[in-house]
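Engineer: End of the sequence shown = 162 in my numbering, gap-free, step of one. Where is the CB? At the ideal position from N, CA and C, for every residue including glycine. All figures in this text were calculated on a predicted structure; none of them were measured in a lab. The structure follows.
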Amino acid sequence: QQQQQQQHGSEQQPYNCLELSDAEYQWRSKAKDYSKRYVGHCNTTTDIKEANYFGSDGDFIVAGSDNESFFIWERNTGKIRAIYKADVSIVNCVQPHPEICLLATSGIDHDIKIWSPIAPSADERPNLVEYVDKTVEDNQQKMKMDPFNMNSGMNAFCLNG
C-alpha cells in the first residue's frame, strides 16, 4: 500500500471506470464493429429483425422492416436492389431457402409468405415497392421519431383476435 501511495501521491484515488487510458482511446479509434452497413429499412417497433445472406454466393443481404416490407441489398455495394411489400404492418424475419431461390417472410400478419423469382417484369410484381428513395427517406424519418409517439393518433391499430 505504501508503494501504491508513492506511485499515486499521498492520497489514493478511487478507480473511475468512466476514464479511459490513452491506449484504450487509441484502440477504440482504430476499431470497427462492422465492415459494411446496409441502410434504408426501419426498426423501431419490434425487438427482432433478422438479416441474412441470400443468393448462391451470398451476393445479397435481406432483412425485414417496420414499413410492411423486406429489403434486398447488394452485399458488395450496399445498394438496395429491391423492396417488397410483404406484410400489413411489420416484417421481422426473412429466411432464404438453403438450396433453391426462395425466401420466407414473417411478421405481424398471421401467415408466412414464400417468395420466388417468377415475374420477369416489374408490372408483374405487384408487391415491388416502386419509390425506393421515398421509402428510405420515410424510414429514416421514422427512425428519428420517439417510438412512444409513433403508435398514437392515426398510426395506432388494434388487432382483435
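Can you give me the Cβ contacts of W74 inside the same chain, cut-off strictly under 6 angstroms, excluding the 5 residues immediately before and after it?
Structural biologist: Position 73 of the sequence shown, counted from the start, is the residue given in the question as residue 74. Hits under 6 angstroms: Y39, I62 and I81.
Engineer: Using DSSP bridges, identify the partner residues of C102.
Structural biologist: Taking the sequence shown and counting its residues from 1, one reaches residue 102 at position 101. Answer is none; C102 lacks a bridge partner.
Engineer: Using only CA atoms, which one of G108, W28 and D23 lies nearest to T46?
Structural biologist: For the purposes of this step, residue 46 is taken as the residue at position 45 of the sequence shown. It is G108 whose Cα lies nearest to the Cα of T46.
Engineer: Under the DSSP definition of a beta bridge, which residues are partnered with K37?
Structural biologist: Taking the first residue of the sequence shown as 1, we reach residue 37 at position 36. Bridge partners of K37: none, in fact.
Engineer: Give me the Cβ distance between V95 and L104, rounded to the nearest whole Å; I'm assuming they're in contact under 8 angstroms.
Structural biologist: Against the sequence shown, residue 95 aligns to sequence position 94. Against the sequence shown, residue 104 aligns to sequence position 103. Between L104 and V95 the Cβ distance is about 6 angstroms, and since that is below 8 angstroms, they are a contact.
Engineer: Count the other CB atoms, across all protein chains shown, that sit within 10 Å of the CB of A64; report buried if there are 16 or more and exposed otherwise.
Structural biologist: Against the sequence shown, residue 64 aligns to sequence position 63. The residue is buried, with at least 16 neighbouring Cβ atoms inside 10 Å.
Engineer: In this structure, what does DSSP give as the bridge partners for W74?
Structural biologist: Translated into positions along the sequence shown, residue 74 becomes position 73. The partner list for W74 (beta bridge, DSSP) reads I62 and I81.
Engineer: Going by the CB atoms, is the gap between N128 and A87 shorter than 8 angstroms?
Structural biologist: As a working note, residue 87 is residue 86 in the sequence shown. As a working note, residue 128 is residue 127 in the sequence shown. For A87 and N128, yes; Cβs fall inside 8 angstroms.
Engineer: So, helix, strand or coil for S107, using DSSP?
Structural biologist: Numbered from 1 along the sequence shown, position 106 holds the residue referred to as residue 107. Residue state, collapsed to three classes: strand.
Engineer: Could you tell me which residues DSSP puts in a beta bridge with V95?
Structural biologist: Counting from 1 along the sequence shown, the entry for residue 95 is found at position 94. T106, per the DSSP bridge assignment.
Engineer: Taking the beta strand (DSSP E) that K114 falls in, what are its first and last residues?
Structural biologist: Here residue 114 corresponds to residue number 113 of the sequence shown, with the count starting at 1. Here the beta strand (DSSP E) through K114 covers I113 to W116.
Engineer: Please report the Cβ distance between Y85 and S70, rounded to the nearest whole angstrom; I am assuming they are in contact, meaning their Cβ atoms lie under 8 angstroms.
Structural biologist: Position 84 of the sequence shown holds residue 85. Position 69 of the sequence shown holds residue 70. Going by Cβ atoms, the distance from Y85 to S70 rounds to 6 angstroms, so yes, they are a contact pair.
Engineer: Looking at D139: is its Cβ nearer than 8 angstroms to the Cβ of N68?
Structural biologist: Taking the sequence shown and counting its residues from 1, the one referred to as residue 139 is at position 138. Taking the sequence shown and counting its residues from 1, the one referred to as residue 68 is at position 67. It is a contact, given that the beta carbons lie within the stated cut-off.
Engineer: Which word fits G79, buried or exposed, when buried means at least 16 other C-beta atoms lie within 10 angstroms of its C-beta?
Structural biologist: Here residue 79 is taken as the residue at index 78 of the sequence shown, counted from 1. Exposed: under 16 other Cβ atoms inside 10 Å.
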